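**Student:** Residue numbers (the working numbering), protein chains in the order written: chain A, 1 to 114; chain B, 1001 to 1115.
All residues carry an ideal CB built from backbone N, CA and C; glycine is no exception.
Note that the coordinates shown come from a computational prediction; the quantities given were computed from them, not determined experimentally.
Let me give you the structure first, and then I'll get to my questions.
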């Protein structure tokens, strides 16, 4: 069965530090890839997505992610985090022939210290 | 544009009781999803509707969970009877397009505690 793994459960960074959150998936076919973010007390919202084309995608708030097909990975990056980036981050995968169903990773909690 | 609405936001029940959750998707969105998010895990799809038809309910525990989407708009998810392991946040999401590539918009969720 399709699965999504996020390597880090909890990441703690200081402001201005660089961020990279790992995400790997198991499906070998066509995939659509997403990163969602949940700020404290708020609902899940889309950060960025990859459907096709340039494997480096840019999202909101300075985030970007790179799709590496050979590694089944879709890591999230940000060069300089801010305190307001404190949130939980979820990687999600949609198998291209399975409609809209999203399979989520277990999430990574990011804490940014001011 | 109004977002996905869910109610109630919180619910506490005893095991073996029944409970129902309501979702109102974004206007015009044809596809509606219910996800279960257990503490410390990512959301897991329970059921997906396209208009008022079920597309995927393969992970819905049908002996106790049921869902409907009458008239292709609002949806209700019911648990009867509830078990302790049903304690979770139940998320509703909707999507503006049908089967295929699209973005899902999530509601705030209903936090269920079963005691």
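Can you tell me the Cα-Cα spacing of residue 1020 of chain B and residue 1091 of chain B, whole angstroms?
**Tutor:** If you take the alpha carbons of residue 1020 of chain B and residue 1091 of chain B, they lie about 13 Å apart.
**Student:** Could you pull the start and end residues of the beta strand (DSSP E) that residue 77 of chain A belongs to?
**Tutor:** Looking at the DSSP string, the run of the beta strand (DSSP E) that includes residue 77 of chain A is 73-78.
**Student:** Under 8 Å Cβ-Cβ, which residues of chain B neighbour residue 90 of chain A?
**Tutor:** Here the neighbours are 1042 and 1043.
**Student:** Given a limit of 7 Å on CB to CB distance, which residues of the stretch 1053-1066 of chain B reach chain A?
**Tutor:** Correct list: 1055 and 1056.
**Student:** Provide the residue span of the beta strand (DSSP E) that contains residue 94 of chain A, from first to last.
**Tutor:** First-last of the beta strand (DSSP E) with residue 94 of chain A: 87-95.
**Student:** State the CB to CB distance for the pair residue 1047 of chain B and residue 1060 of chain B, rounded to an integer number of angstroms; the pair is presumed to be in contact (CB under 8 Å).
**Tutor:** Contact flag correct, Cβ pair sits at about 5 Å.
**Student:** Residue 1013 of chain B to residue 1114 of chain B, Cα distance in whole Å?
**Tutor:** C-alpha separation (whole angstroms): 5 Å.
**Student:** Against residue 1048 of chain B, what residues of chain A qualify as contacts under a CB-to-CB distance less than 9 Å, listed in chain order?
**Tutor:** Correct list: 99, 100 and 101.
**Student:** What do you get for residue 112 of chain A, buried or exposed, if any count of 16 or more other CB atoms within 10 angstroms of its CB means buried?
**Tutor:** Buried, since its Cβ has 16 or more Cβ neighbours within 10 Å.
**Student:** Which residue's Cα is closest to the Cα of residue 35 of chain A: A:47, A:27 and A:41?
**Tutor:** When each option's Cα is compared against that of residue 35 of chain A, the closest is A:47.
**Student:** Does the beta carbon of residue 1087 of chain B sit closer than 7 Å to a beta carbon anywhere in chain A?
**Tutor:** Closer than 7 Å: no.
**Student:** With a threshold of 16 other CB atoms inside 10 Å of the CB of residue 1097 of chain B, please say whether the residue is buried or exposed.
**Tutor:** When all chains shown are included, residue 1097 of chain B counts as exposed.
**Student:** Whose C-alpha, out of B:1053, B:1087, B:1084 and B:1086, is nearest the C-alpha of residue 1030 of chain B?
**Tutor:** When only C-alpha atoms are compared, the closest one is B:1053.
**Student:** Since residue 65 of chain A is in the beta strand (DSSP E), which residue starts that stretch and which ends it?
**Tutor:** That run of the beta strand (DSSP E) goes 64-68.
**Student:** Just curious, the beta strand (DSSP E) that residue 83 of chain A is in, first and last residue?
**Tutor:** Per DSSP, residue 83 of chain A belongs to no beta strand (DSSP E) and is neither H nor E.
**Student:** How many Å lie between residue 95 of chain A and residue 1011 of chain B at the Cα?
**Tutor:** Their Cα atoms are separated by approximately 33 Å.
**Student:** Taking the alpha carbon of residue 80 of chain A as the point to measure from, which residue in A:15, A:3 and A:24 has its own alpha carbon closest?
**Tutor:** The residue with the shortest Cα to Cα distance from residue 80 of chain A is A:15.
**Student:** Does DSSP put residue 156 of chain A in a helix, in a strand, or in coil?
**Tutor:** Examination of residue 156 of chain A is not possible in this model, given that chain A is present from 1 through 114 alone.
**Student:** Is residue 1014 of chain B close to chain A, meaning its C-beta is less than 7 Å from at least one C-beta of that chain?
**Tutor:** No, residue 1014 of chain B lies away from the interface with chain A (no Cβ there is under 7 Å from its Cβ).
**Student:** Express the C-alpha separation of residue 1042 of chain B and residue 1007 of chain B in angstroms, rounding to a whole number.
**Tutor:** Those two C-alpha atoms are separated by around 21 Å.
**Student:** Could you tell me the distance, in whole angstroms, from the CA atom of residue 1100 of chain B to the CA atom of residue 29 of chain A?
**Tutor:** For residue 1100 of chain B, the predicted model reports a pLDDT of 44, less than 50, meaning its position is unreliable and no value from the coordinates is stated.
**Student:** Residue 91 of chain A to residue 1044 of chain B, Cα distance in whole Å?
**Tutor:** C-alpha separation (whole angstroms): 12 Å.
**Student:** Should residue 1088 of chain B go down as buried or exposed, given a rule of 16 or more other Cβ atoms within 10 Å for buried?
**Tutor:** So residue 1088 of chain B ends up on the buried side.
**Student:** Please classify residue 1016 of chain B as buried or exposed, where buried requires at least 16 neighbouring CB atoms within 10 angstroms.
**Tutor:** Exposed.
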